[in-house]
Amino acid sequence: MKSTHAFSLVEVVIAIGVFVAGVVGAIALLSSSTDSASQTLDANAALRLAESSAALVQQMTWTQVTAQLRENSPNPIYANKDGSRNGLVNVVEIEEAHYQIELVRLSNLSPVTNDDDAGFLAFALEISWPVRQDAAGILPPSSRERFTLKLAVNR
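Convert by adding 1034 to the 1-based position in the sequence shown; the result is the number in our numbering.
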């Protein structure tokens, strides 16, 4: 007589369950690492955008910088996701915006009262992202990532 050995139905179901659990765990791990990589890419792009924006602000005239600081950002400056279109140079519509750029006066170092007599202006260049999410529309500033670069311009 030949002896044959086959797997029982219970063994097959358990093996499939273990395999599915492993695949689901691997997919979950992959998903979280993809999100982390995406956040890192956005943060690196924000840093590059901050550096290029700082260079653009350094090229502005004293009057342009003081006007931007006095306006208290009623017209936010936007940049697209890869930072190639910066609102300091050209118009970026809210529909394509990923980053928001704000110039915020550091009033403890540069009070508003002495712009005409001041030798320098101290301010922070703040970049927040993402401005929009497809399903949620425009996100409130409190739920965005933020990067701040402190700067000063001389007269």
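The beta carbon of each residue, even a glycine, is placed where N, CA and C say it ideally should be.
The beta carbon of residue 1189 is closer than 8 angstroms to those of 1096, 1152, 1153, 1154 in its chain, skipping five residues each way along the sequence. The continuous beta strand (DSSP E) containing residue 1162 extends over residues 1154-1163.
Residue 1161 holds the alpha-carbon nearest to the alpha-carbon of residue 1184 among 1102, 1064, 1166, 1161.
Going by C-alpha positions, residue 1050 is about 14 angstroms away from residue 1059. Excluding five sequence positions before and after residue 1087, the CB atoms of its chain that fall closer than 7 angstroms to its own CB belong to 1120, 1122, 1135, 1159, given in chain order. Looking from the CA of residue 1083, the closest CA among 1131, 1056, 1068, 1064 belongs to 1131. When DSSP states are grouped into helix, strand and coil, residue 1126 belongs to the coil group.
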